[in-house]
Amino acid sequence: MAIFQEPGNMTSTSFSPVEPYYVASTSSVRLSVFDTLICEPISVYSRFKEAVFGAMFRNDGKLLVGAVRLEP
1 MAIFQEPGNM TSTSFSPVEP YYVASTSSVR LSVFDTLICE PISVYSRFKE
51 AVFGAMFRND GKLLVGAVRL EP
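Numbering (the UniProt record's numbering), first residue to last: 1 to 72.
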């Protein structure tokens with residue numbers, strides 16, 4: 001049973017270190033942010049042209065970074 005639905009394999013997950021403890025996940029060209037209390041997405045960022053391989057919250061939880069791998 002999957003709690004957080006993504007269209008493909010998750011490549012990264014990150015938990016916000018402060019309340020409300022959101023979880024961010026990356027899958028293909030999508031970065032999704034889920035509310036852990038209701039297990040529903042609250043934001044989906046899908047404007048990436050390349051696959052997203054990483055997501056991380058800053059220590060204060062006020063900034064979320066997504067990373068892509070650019071081919072030279």
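Where a beta carbon is used, it is the ideal one built from N, C-alpha and C, also for glycine. If you're wondering where the values come from, they're calculated on a predicted model, not measured in any experiment.
Annotated as proximal: Glu50 and Arg69, with beta-carbon spacing under 8 Å. According to the DSSP assignment, Val44 belongs to the beta strand (DSSP E) that extends over Glu40 to Tyr45.
Taking a C-beta distance under 8 Å as the contact criterion, Val33 and Ser43 qualify as a contact pair. In this structure, Ser16 keeps its C-beta atom at 8 Å or more from the C-beta atom of Phe48. The straight-line gap separating the alpha-carbon atoms of Thr11 and Ala24 is approximately 11 Å.
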